[in-house]
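Heads up: the structure comes next, in structure tokens.
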Amino acid sequence: MDPRLQNILDRDAIHEVLVRYATSLDDRDWDRLASCFADDAVADYGTGVFEGPEAIVGLCRQMLEPLEVSQHLLGSFEITATGEVATSRCYFHAQHVRQGLAGGASLIVAGTYEDSLRSQAGKWLIQKRRLIVSWRDGNPKVLEP
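As numbered in the numbering used here, the sequence shown has no gaps in its residue numbers, which increase by one up to the final residue, 145.
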């Protein structure tokens, strides 16, 4: 296959796994979320480092299950794939809603995801994820346990 075509296909597949991550969060589909990560994945969400899909999904589940709804939007993708490894950077804008809290029901968090990915058995997987918060607006209690 032409290397340029392979690069386009790889970048498209990486884009798909990043979008699948976001929609899995909002759908509360924990198995699909786990399928986005390599077995040795590491994620730094600013609250500590979590190792392996089970720990990463466990944190996401703890944060999101109490909510009525969330919506994670991604944009401004920068994806570089070279052979079996890749890096990506994209912005996120995440709306979180939890009714019944003093101080308001909504929290918006926006920032950047920085990722390292690898191709394994023909599938692109997130190997390392770093979340960098740029700004927040709303009630921080929305994401408290």
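Where a beta carbon is used, it is the ideal one built from N, C-alpha and C, also for glycine.
All figures in this text were calculated on a predicted structure; none of them were measured in a lab.
{"Asked": "With respect to the beta strand (DSSP E) encompassing residue 39, which residues constitute its N-terminal and C-terminal limits?", "Found": "37-44"}
{"Asked": "Mind checking which residues open and close the beta strand (DSSP E) that includes residue 138?", "Found": "123-138"}
{"Asked": "If you compare alpha carbons, which of 6, 72, 131, 124 is closest to residue 28?", "Found": "72"}
{"Asked": "Would you give the residue range spanned by the beta strand (DSSP E) that residue 111 belongs to?", "Found": "106-120"}
{"Asked": "For residue 8, does the count of other Cβ atoms within 10 angstroms reach 16, so buried, or fall short, so exposed?", "Found": "exposed"}
{"Asked": "Can you tell me which of the three DSSP states residue 71 falls into?", "Found": "strand"}
{"Asked": "Quick check on the burial criterion: 16 or more other C-beta atoms within 10 angstroms. Buried or exposed for residue 95?", "Found": "buried"}
{"Asked": "In whole angstroms, what separates the C-alpha of residue 97 from that of residue 25?", "Found": "13 Å"}
{"Asked": "Applying the 10 Å Cβ sphere with the 16-neighbour rule, what's the burial state of residue 124?", "Found": "buried"}
{"Asked": "Can you give the Cα-Cα distance for residue 144 and residue 66, rounded to whole angstroms?", "Found": "9 Å"}
{"Asked": "Over the uninterrupted beta strand (DSSP E) stretch that includes residue 97, give me the two end residues.", "Found": "85-97"}
{"Asked": "Cα separation between residue 87 and residue 68?", "Found": "33 Å"}
{"Asked": "Where does residue 54 sit, in a helix, a strand or coil, going by DSSP?", "Found": "helix"}
{"Asked": "Label residue 4 either buried or exposed according to how many other C-beta atoms from any shown protein chain fall within 10 Å of its C-beta, with 16 as the threshold for buried.", "Found": "exposed"}
{"Asked": "Check residue 23 in the structure and name its three-state DSSP category.", "Found": "helix"}
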